[in-house]
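Everything on this sheet refers to the single structure shown next.
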Amino acid sequence: VSESDKNLRSPICCVMGHVDSGKTKLLDFIRGTNVQKGEAGGITQQIGATYFPAGKLREMTKGLKADARLEVPGLLVIDTPGHQSFTNLRSRGSNLCDIAILVVDIMHGVKDRTIESLDLLRRNGADFIVALNKVDRLYGWKTCGNAPIVEAMKVQSRDVRDEFERRVSGIIGQFEKQGLSTELYYKNYDVREVTSLVPTSAMTGEGIPDLLLLLVQRTQRTMVEKLTFSNQVRCTVLEVKVVEGHGTAIDVVLANGVLREGDQIVVCGQQGAIVTTIRALLTPYPMREIRVKGAYQQHKEIRAAQCIKIAAHGLEHAIPGTCLYAMGPDDNLEALKNSVMEEMESVSGHIDKAGEGVYVQASTLGSLEAFLEYLKSKEVNVKVSGVGIGPLHKKDVMKVSAMLEKKRTIKYASILAFDVKVTPEAEEYAEKSGVKIFTSDVIYQLYQQFKAYVDSLIK
Ligand code: GDP
Ligand code: MG
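If you're matching positions, the sequence shown starts at 8 in the numbering used here and goes up one per residue.
The following block contains the structure:
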């Protein structure tokens, strides 16, 4: 079957893992090696994502002699690593991320945030592979450029190989404790049940070809149906930003279908459904031309999967992490408006009926939902009285200060601000009124801070 027969779209890949495991560096490296080569069909830096066309993937993985039969047109890797991009890549309740890379520092093993990422991936039934990054830090490592990992291991000394084996089995044991079976990918004969580990170096490039090939093979072998191109638009809002010369624009990931200039779109907004018309579909220029500062390439239409900037009127209050609908000839506008707003209702189920509980503010709908799920879990079990998305303002703090009126609810005069900015006015008002604001971009830490505060109140 040829590439065109199957008519597949590019898989979408997210990068997750603990702080400092090398998520950013890994993306930089993958991008960098290609940019430097600068050949025809070069990769393009999308908005918040990097797109690798099939030709480039073939070239990057040729050292593996796998005769990589690529059936997908490319691979779209989301550049904003972490929970945020993963939790926001959703449409109609399902995750748009086809596969994830869970990055683990081979020298440090499984950490808090590795586990947090793992939980999130498993809760969403997402497929993923694990990169055991920083193999070049094994003592005495000999650099082998972009070599496949098995080749790179062959030239290492006995000591390096022993240390490697020791660390890998340690990490396999740590994952086992989390109920996850893992194995080095080239020894993994049960890919349905056992998660593959790919040793990599984001510094020197060993194992990078393996990682890319595995991502593509795994998606095109096991997700043909999901990856089949369809005209039904599946699209999600990642960010809302002001763009010079274009006003407020939204960055979206188009996971399936086609978007065209002039399409009428419906987006979930803070004050209700937003109905507007696409004025411009923008992407940055391909890598070599990126020096054209602030300039975007304009497109008449864009086919999935891509990351795009959409300029249109009235997008100021669009909510990141919600899905975007495009009006088709058979669609009913009122029905679409209801559908986009239904997404916000998914969070209202978490709010305490009696109106008691902490106030939760998060940067996007996706991260808000992830945090609410955590607070609801049996071990944590924290009640929530209200929620908000975006920066924390004084008016939010004012709402919460009502909790101070009753002794019973004093602990609920607390705001858990997850990965959002707190305005100085909000901070000042909280200080004056006695409302506590806790901030962090790690779910677990945010809860720990609140818990410590509640414990101190009891004493
Ligand atoms: P992130 O927090 O997961 O995005 O981690 P970064 O990509 O920012 O990397 C954290 C630090 O580890 C930086 O100083 C990187 O240069 C370094 N680093 C990342 N990957 C590697 C690697 O494969 N080998 C070595 N030696 N250092 C690495
Ligand atoms: Mg980073």
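For glycine and all other residues, C-beta sits at the position ideal for the given N, C-alpha and C.
Taking buried to mean at least 16 other C-beta atoms within 10 Å of its own C-beta, is residue i buried or exposed?
| i | result |
| --- | --- |
| residue 465 | exposed |
| residue 68 | buried |
| residue 90 | buried |
| residue 25 | buried |
| residue 340 | exposed |
| residue 327 | buried |
| residue 345 | exposed |
| residue 360 | exposed |
| residue 176 | exposed |
| residue 429 | buried |
| residue 381 | buried |
| residue 129 | exposed |
| residue 164 | exposed |
| residue 433 | buried |
| residue 185 | exposed |
| residue 342 | exposed |
| residue 249 | exposed |
| residue 435 | exposed |
| residue 299 | Because residue 299 carries a pLDDT of 46, less than 50, the predicted location of this residue cannot be relied on, and no value is offered for it. |
| residue 367 | buried |
| residue 29 | buried |
| residue 336 | exposed |
| residue 189 | buried |
| residue 162 | exposed |
| residue 450 | buried |
| residue 197 | exposed |
| residue 459 | exposed |
Mapping DSSP to helix, strand and coil, what is residue i?
| i | result |
| --- | --- |
| residue 98 | strand |
| residue 199 | coil |
| residue 59 | strand |
| residue 345 | helix |
| residue 239 | coil |
| residue 368 | strand |
| residue 373 | helix |
| residue 48 | Unreliable positioning characterises residue 48 in this predicted model, as indicated by a pLDDT of 48, which lies under 50. The coordinate reading is nonetheless provided below. It is coil, neither helix nor strand. |
| residue 326 | coil |
| residue 31 | helix |
| residue 276 | strand |
| residue 409 | helix |
| residue 271 | strand |
| residue 337 | coil |
| residue 417 | helix |
| residue 448 | coil |
| residue 304 | strand |
| residue 454 | helix |
| residue 332 | strand |
| residue 186 | coil |
| residue 163 | coil |
| residue 206 | strand |
| residue 463 | helix |
| residue 296 | Per-residue confidence for residue 296 stands at a pLDDT of 40, beneath the threshold of 50, marking its modelled position as unreliable; no derived number is given. |
| residue 257 | strand |
| residue 133 | coil |
Using a threshold of 8 Å, is the CB atom of residue i nearer than that to any non-hydrogen atom of ligand 2?
| i | result |
| --- | --- |
| residue 307 | no |
| residue 206 | no |
| residue 216 | no |
| residue 88 | yes |
| residue 121 | no |
| residue 118 | no |
| residue 371 | no |
Sorry if obvious, but does the Cβ on residue i come closer than 8 Å to a heavy atom of ligand 1?
| i | result |
| --- | --- |
| residue 144 | yes |
| residue 35 | yes |
| residue 209 | yes |
| residue 110 | yes |
| residue 324 | no |
| residue 153 | no |
| residue 26 | yes |
| residue 147 | no |
| residue 458 | no |
| residue 30 | yes |
| residue 141 | yes |
Run the proximity test for residue i: is its beta-carbon closer than 8 Å to any non-hydrogen atom belonging to ligand 3?
| i | result |
| --- | --- |
| residue 439 | In terms of ligand content, the structure shown lacks ligand 3 and carries ligand 1 and ligand 2 instead. |
When you compare the region 124-133 with the region 151-158, are there three or more beta-carbon pairs, one atom per stretch, that lie closer than 8 Å? no
Report yes or no: do three or more beta-carbon pairs, one from the region 307-326 and one from the region 252-265, lie closer than 8 Å? yes
With three or more beta-carbon pairs closer than 8 Å as the criterion, would you say the region 375-384 touches the region 248-259? no
I'd like to know if the region 75-82 and the region 204-224 are in contact, where contact means that at least 3 CB-CB pairs between them fall below 8 Å. yes
Check whether the region 285-292 and the region 22-38 are in contact - that is, three or more C-beta pairs closer than 8 Å. no
If you pair each beta-carbon of the region 132-140 with each one of the region 404-413, do three or more pairs fall below 8 Å? no
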